[in-house]
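**Q** One structure, as structure tokens, below. Some questions next.
In our numbering, the protein residues as written are 4 to 434.
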């Protein structure tokens, strides 16, 4: 997706001019756009198959590490580039001292202008600092301390690469977090001067594919609320024009206790998350994970089942390497909307229509949340419209008026002047 206002500009396919050739010859081309993935990727060819633009890989660079031609991070970046994916490394952010700045600069210089460019295939232009600093992760700390750590690491990044983009580690949010929730934490981080070093802000959210009735459980719509509150804090400190990413989001398919989510529900939820966040101006969104990761290790945990490809472990698993419906939904979403410009989103009584412009044509994504409304909708269009499911299969074509009963999965509408009506339109007079 691509937006034209402010700092939110996403390029769907970027050939890095002046980028080096592989040792065997040939220009290196990578994508750098809206569609991302995050986590550990045991089979990076899946990223190329999906067509994702960028990836935050699930290992962290130590600020004191020594880069080299065959280190873990060089291999991770090189393997992503080989799939046409822009790598986004992240610095581990422990309790560092000021002398770390110079060592960070050496690392960044290696991967932006030094030998690492040849070994990876492109210069690295994005750098994340820390991860979930406000809640329970390895380097979590108070906001003023994180501002201090971020300043030490970011100073090294800026010294080596003034044009590189520095990404804040994603913040979590929830009513149970108190003073560590996103709003108070981000406000105190900025009040401590942390905003001087950050180019892109970032949050994480997860949740279920349909409301459970339990208090505080997130769903795809939660992202809209978090984004709005994050923007209010940034506006208050003069950073309202800064881009925002969501570097981790997902839901699962399978069973967690009494909660069962079907593959269709995960696939539908994936499409809704990306479409909604793209319409709201988020610059990049990353699904977490691609292959199921054995994160909890039970085969029944949230992250154990959040991937798009089964790992062969757990009672709901269909076999190692089997792709879920969400894999194909994401693959088609990327192919369908890469380069599209969001032109508006409307929700009424649980029915959402999100419109995009692409190559002079209109593509709309239509869905109905069954916990808010059931029953058909009516489509009216002055010319031929294609109705396509989220996997790319043509369902039907029509012109004029046609009723549509929506299931759990969204559909794509390709055509001009489409109206979505929630009640049966009056019959046209005859004769």
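All C-beta atoms in this analysis are idealised placements derived from N, C-alpha and C, irrespective of residue type, glycine included.
#1: Please work out which residues of its chain come closer than 8 Å, Cβ to Cβ, to residue 168, disregarding the five sequence neighbours upstream and downstream, and give them in chain order.
#2: How big is the Cα-Cα spacing for residue 377 and residue 214?
#3: Residue 296 and residue 306 look like a contact to me (Cβ under 8 Å); what is the Cβ gap, rounded to whole Å?
#4: What are the residues that DSSP puts in a beta bridge with residue 403?
#5: On a CA-only basis, which of 199, 228, 282 and 208 is nearest residue 241? Give me that one, please.
#6: According to DSSP, is residue 349 helix, strand or coil?
#7: Which residues does DSSP list as the beta-bridge partners of residue 47?
#8: Output yes or no for whether 8 Å exceeds the beta carbon distance between residue 225 and residue 164.
#9: DSSP three-state label for residue 257, please.
#10: Which residue from 330, 406 and 210 puts its Cα closest to that of residue 50?
#11: Need the endpoints of the beta strand (DSSP E) that residue 422 sits in, please.
#12: Return the first residue and the last residue of the beta strand (DSSP E) that residue 289 is part of.
#13: Just the Cα atoms here: how many angstroms apart are residue 27 and residue 313?
#14: Please name the residue, chosen from 34, 109 and 188, that lies closest to residue 174 on a Cα-to-Cα basis.
#15: Ignore the nearest five residues each way along the sequence and tell me which others in residue 412's own chain have a CB closer than 7 Å to its CB.
#16: Of the residues 78, 97, 148 and 65, which one's Cα is nearest the Cα of residue 109?
#17: Could you check the C-alpha separation between residue 162 and residue 180 for me, to the nearest Å?
#18: Tell me whether residue 113 sits in a helix, a strand or coil according to DSSP, three-state version.
#19: Inspect the beta-carbon positions of residue 58 and residue 39 and report whether they are closer than 8 Å.
#20: Residue 341 to residue 356, Cα distance in whole Å?
#21: State the start and end residues of the unbroken alpha helix (DSSP H) segment that holds residue 337.
#22: Rounded to a whole number of angstroms, what is the C-alpha to C-alpha distance between residue 82 and residue 408?
#23: With contact counted as at least three CB pairs below 8 Å, one residue from each stretch, are the stretch 150-161 and the stretch 205-220 in contact?
#24: On the criterion of 16 or more Cβ atoms from any shown chain inside 10 Å, does residue 386 qualify as buried, or is it exposed?
**A** Looking at the atomic coordinates:
#1: The count along the chain shown starts at 1 and reaches residue 168 at position 165. If we look at residue 168 and ignore the five residues flanking it on each side, its Cβ neighbours are 128, 129, 130, 202 and 203.
#2: Here residue 377 is taken as the residue at index 374 of the chain shown, counted from 1. Here residue 214 is taken as the residue at index 211 of the chain shown, counted from 1. C-alpha separation (whole angstroms): 15 Å.
#3: Position 293 of the chain shown, counted from the first residue, corresponds to residue 296. Position 303 of the chain shown, counted from the first residue, corresponds to residue 306. 6 Å between Cβ atoms; contact.
#4: Stepping through the chain shown from its first residue, residue 403 is reached at position 400. For residue 403, which the question treats as bridged, DSSP gives the partners 384.
#5: Start at 1 with the first residue of the chain shown, and residue 241 comes out as number 238. For residue 241, the nearest C-alpha among the options comes from 199.
#6: Against the chain shown, residue 349 aligns to sequence position 346. Here residue 349 sits in strand by DSSP.
#7: By one-based count along the chain shown, residue 47 stands at place 44. Answer is none; residue 47 lacks a bridge partner.
#8: Numbered from its first residue, the chain shown carries residue 225 at position 222. Numbered from its first residue, the chain shown carries residue 164 at position 161. No, the Cβ-Cβ distance between residue 225 and residue 164 is not below 8 Å.
#9: Translated into the one-based positions of the chain shown, residue 257 becomes position 254. Strand at residue 257.
#10: The count along the chain shown starts at 1 and reaches residue 50 at position 47. Out of 330, 406 and 210, 330 has the C-alpha closest to the C-alpha of residue 50.
#11: The count along the chain shown starts at 1 and reaches residue 422 at position 419. Where residue 422 is concerned, the enclosing beta strand (DSSP E) stretches over 422-424.
#12: Counted from its first residue, the chain shown places residue 289 at position 286. Its beta strand (DSSP E) spans residues 287-291.
#13: Here the question's residue 27 lines up with position 24 in the chain shown. Here the question's residue 313 lines up with position 310 in the chain shown. The predicted position of residue 27 is uncertain, since its pLDDT is 46 and thus under 50; no value can be drawn from it.
#14: For the purposes of this step, residue 174 is taken as residue 171 along the chain shown, with counting starting at 1. Out of 34, 109 and 188, 188 has the C-alpha closest to the C-alpha of residue 174.
#15: Position 409 of the chain shown, counted from the first residue, corresponds to residue 412. 267, 270, 271, 392 and 393, listed in sequence order.
#16: Start at 1 with the first residue of the chain shown, and residue 109 comes out as number 106. Among 78, 97, 148 and 65, the Cα nearest to that of residue 109 belongs to 65.
#17: Looking up residue 162 in the chain shown gives position 159. Looking up residue 180 in the chain shown gives position 177. Distance between the alpha carbons of residue 162 and residue 180 is about 35 Å.
#18: In the chain shown, the residue the question calls residue 113 occupies position 110. Reduced to three states, the DSSP call for residue 113 is helix.
#19: By one-based count along the chain shown, residue 58 stands at place 55. By one-based count along the chain shown, residue 39 stands at place 36. Against a cut-off of 8 Å, the Cβ pair of residue 39 and residue 58 comes out as a contact.
#20: As a working mapping, residue 341 is identified with position 338 in the chain shown. As a working mapping, residue 356 is identified with position 353 in the chain shown. Approximately 18 Å, taken between the alpha carbons.
#21: For this step, residue 337 is matched to residue 334 along the chain shown. First-last of the alpha helix (DSSP H) with residue 337: 328-340.
#22: As a first step, residue 82 must be located in the chain shown, where it is residue number 79. As a first step, residue 408 must be located in the chain shown, where it is residue number 405. Going by the C-alpha atoms only, they are around 44 Å apart.
#23: These segments do not touch.
#24: In the chain shown, counting from the first residue as 1, residue 386 sits at position 383. Residue 386 comes out exposed.
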